[in-house]
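The sequence shown begins at 480 in this note's numbering and counts up one residue at a time.
The beta-carbon is built from N, C-alpha and C at its ideal position, and this holds for glycine as well.
Reading through the structure tokens given below for one structure.
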Amino acid sequence: MISESFDARGGLTYVDRLDFTRGNPLRAVRRMAWPTVKLHADNSTLAFTSRTGSDTLEHFWVTALAHRPLHGRFPLPATAVSFEVEGRDQVLLFWTPRAGAVLRALDKLGWDAEDAGP
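Printed below as a string of structure tokens:
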């Protein structure tokens, strides 16, 4: 059986879980660690690779959601996909203008991914 996969390009930020839940999007933008990252997803793993390093996440530990920064009290269009990984103190933000397409592709591959917004 041929395994389906998905590739996308963007930036990657590691944000402390407490900072993320307090909602400080500007701090997250300033802490962008890898500005050019390739995301490769298949049925069982997510792999982020760049010239400086790589990170791999296992399927059953990850929840992917649209990251919608707030402008005042109003959410802006999604510009990133947040990956909450069980057992890690950080949330990974994958910055891409195609956040909705990334979430749909991950959902099609069987990942816990949803775009709960406009």
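- Check the Cα spacing between Ala578 and each of Val560, Glu593, Val564 and Thr492: the tightest is with Val560.
- Comparing alpha-carbon positions, the option among Thr558, Ser484, Ala592 and Phe573 lying closest to Asn522 turns out to be Ser484.
- In terms of Cβ geometry, Ala487 and Leu525 do not form a close pair [threshold 8 Å].
- Between Leu582 and Ala543, the gap from beta carbon to beta carbon is short of 8 Å.
- The beta carbons of Val570 and Arg496 sit closer together than 8 Å.
- Comparing alpha-carbon positions, the option among His546, Val564, Leu585 and Ala520 lying closest to Trp574 turns out to be His546.
- In this structure, Val564 is the residue among Ala584, Pro576, Val564 and Trp590 with its C-alpha nearest to the C-alpha of Tyr493.
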